[in-house]
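Numbering (full-length UniProt numbering), first residue to last: 1 to 506. Note that beta-carbon positions come from the ideal geometry of N, C-alpha and C, so glycine has one too. Predicted, not measured: the structure shown is a model, and the values here were computed from it. All remarks here apply to the structure that follows.
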Amino acid sequence: MAVVVADPYSTGGRLPILLSERGFDVIALWTAEARDLEDHVGEATRVWIEKTGYKGVVREGTMSIEEMAKALKAAAGKESIKAVLCGGESGVNVVDALAEHMHLPGNGVAPWTGGRRDKGVQQDALRATGIRAVRGVSGTTWSGAVEEFCKTEEMPIVVKPVESAGSDGVKLCATLEEAEDHFHRLMNSQRALGAHGAAEFLKGSEYVVDHVWKYDKRPRNGSQFVYFGMYPVNPVSAIAQSLIQYTRCAITALKITNGATHTEVMMTSEGPCLVEVNCRVHGLSGQWLPLASALTGSYNQCTAYVDSALDPEAWEKIPPIPPYPFAGSGCVVEFVSYCEGTVAARPGYEAIRALRSFCSLDEVVKVGDRITKTIDLFTQPGNCILIHADEEARASLVLAKDVAAIRALEESNGMFDIEGGNPPPLDKRELSAIHDRGSKRISEGDRHPAMLMGDTTEMEVLMAQVNHYIDELEHAQKKHSYLAVALAATACAAVVAGRFASTRRG
């Protein structure tokens, strides 16, 4: 039996590995939009391609859906095609159409012009069913609806492509002139053939719902939306339950009944509001998969996606929400560069490997590469996964120390050695300014301790507190007193959280 994976790049490149392990042959379908992304796969996928490889590869080119279906059946030979799965964002609309044409499980062709990927379509679909949606408008020209919206909406506003990945092309504009300038920049860029939109700026904390993770985005290097990391959220908490229910309503409004989704939701003072639904697995080249499996004890989004399509019995055993408490603690840390130049060495990578909670590292930057200041996902110099399989409160403190160490490396410009010499560390005034700006955009309510410790404002004081309470935890454990451990952990959380609250208000 064979399975088609459309655009198996990034995390989608992990799907063929899982399918192969379960005895399926895999056919890769590369859409015309993804023609430059075939090499955008992780090391595990590269090894799999060399050792096992695809049964066949079909490229869309100028083929119609009917022609693609014939080409896929020819590639499968005598085997039947059991499913068409979506690996990357660019494959969403093609997968919908192919599955419908080949009478396979799917979501069907979307009834809206532009398909489910169109951010404007998504917001309109939610609005039509009475669900909270972003105020916004899209178009291919500035004059008319886009200009009128920008004139009447409260500033700042967000201007971005209607089809984008991560923070690609997204800008927070403080004035009408800035919004018009960025709109024209997008129209004159490689995205000139697509529509672009303007939308209200949602104030709050941004979450991504695969399981439930929390984004850590902050202003840096002139950009308002730089990713710092992602942190798992307690799935039985009030915030998580609200996000889960809202997301289920959103994907129902979009008539999504099969497959994976990666939904970004802003938790505002008025409740959850959709940023966008991506109808595929979470990206980041699947670096987070071991973390998700470790926290749930067995499964992750990719294994669940394959189960849903090909193993109904296994799918039925997956709980509606992940089990909690988690089997440990962990997070995804995105690296941020404050320097530019040609990389002569990577001492920061080696330092990160030595961290107590280190799990894996995505080495995006090689010696000889030119590095730039981080302004979006595409200028990030890598990421790492941190996991600590200890009692949760203690594990969180270990993570906090390790995240703080990574941020200190970045802000000292010590992550990489630059040819001609490294720039000096960020000075205290600059650090204070960026942390103040960041604190205005990130609510503190249920922030993970590791997330809090990602800031280096008053780092020496905070690290002294953490070390002190780790010592107390160790002392309590020596007494074999569960109660003492619990009390020490509670005291630590209260003092560290209180300290950050007072620092940020100041």
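- CA-CA distance, Cys86 to Leu172, rounds to 31 Å.
- Residue pairing from DSSP places Arg370 in a beta bridge opposite Thr342.
- Ala32 sits exposed, since fewer than 16 C-beta atoms from the chains shown fall within 10 Å of its C-beta.
- Sorting Gly328, Lys78 and Gly271 by C-alpha distance to the C-alpha of Pro290 places Gly328 at the top.
- Across the structure, Val277 and Asp210 are spaced so that their CA atoms are roughly 11 Å apart.
- Non-local beta-carbon contacts of Val275 in its own chain, meaning distances under 6 Å to residues more than five positions away in sequence, involve Glu264 and Met266 in chain order.
- Residue range Asn383 to His388 is occupied by the beta strand (DSSP E) that includes Ile385.
- Counting only the Cα atoms, Ala2 lies some 45 Å from Arg407.
- Non-local C-beta neighbours of Val84 in its own chain, meaning closer than 6 Å and more than five positions away in sequence, comprise Val4, Val95, Leu98, Ala99 and Leu104, ordered along the chain.
- Cβ neighbours of Lys214 within its own chain (closer than 6 Å, five residues either side excluded): Tyr207, Tyr231 and Val233.
- Rounded to the nearest angstrom, the gap between the Cα atoms of Val137 and Ala199 is 6 Å.
- Rounded to the nearest angstrom, the gap between the Cα atoms of Ala250 and Arg127 is 10 Å.
- Counting only runs that start and end inside the segment 197–271, the alpha helix (DSSP H) elements of at least 4 residues fall at 238–253.
- Taking the Cα positions, Pro423 is about 18 Å away from Gly222.
- Per DSSP, reduced to three states, the secondary structure at Asn107 is coil, with no helix or strand assignment.
- For Leu289, the enclosing alpha helix (DSSP H) covers residues Leu289 to Thr296.
- Residue pairing by DSSP puts Phe358 in a beta bridge opposite Leu386.
- The segment 335–344 and the segment 414–421 touch, with three or more beta-carbon pairs separated by less than 8 Å.
- Around the beta carbon of Asn258, 16 or more other beta carbons lie within 10 angstroms, which makes this residue buried.
- For Trp30, the enclosing beta strand (DSSP E) covers residues Asp25 to Trp30.
- In the structure shown, the three-state DSSP call for Ile375 is coil.
- Shown here, Gly139 sits in a strand according to DSSP, grouped into three states.
- Non-local C-beta neighbours of Glu340 in its own chain, meaning closer than 7 Å and more than five positions away in sequence, comprise Ile371, Thr372 and Lys373, ordered along the chain.
- When only Cα atoms are considered, Asp124 and Glu178 end up about 26 Å apart.
- Distance check between Glu60 and each of Ala44, Ile27, Glu43 and Ser80 places Ile27 closest, using alpha-carbon atoms only.
- Here DSSP, grouped into helix, strand and coil, assigns Lys82 to strand.
- Around Ser308, the same chain offers Trp315 as residues with beta carbons nearer than 6 Å, after the five sequence neighbours per side are excluded.
- Looking at the DSSP output, Asp417 bridges to Ala345.
- Taking 8 Å as the upper bound for CB-CB distance, Leu399 and Cys359 are not in contact here, some 11 Å apart.
- Arg185 carries a helical assignment under DSSP once its states are collapsed to helix, strand and coil.
- As the crow flies, the alpha-carbon of Trp112 is around 22 Å from that of Gly144.
- Here the segment 15–27 lies against the segment 40–57, with 3 or more beta-carbon pairs under 8 Å apart.
- Look at Asn93 here: in three-state DSSP terms it is helix.
- With a cutoff of 9 Å on beta-carbon distance, Leu186 and Gly204 are scored as not near each other.
- Close CB contacts of Asn300 within its chain, under the 6 Å cut and outside five residues either way in sequence, are with Leu289, Ala292 and Ser293 (chain order).
- For Pro322, no pairing in a beta bridge is given by DSSP.
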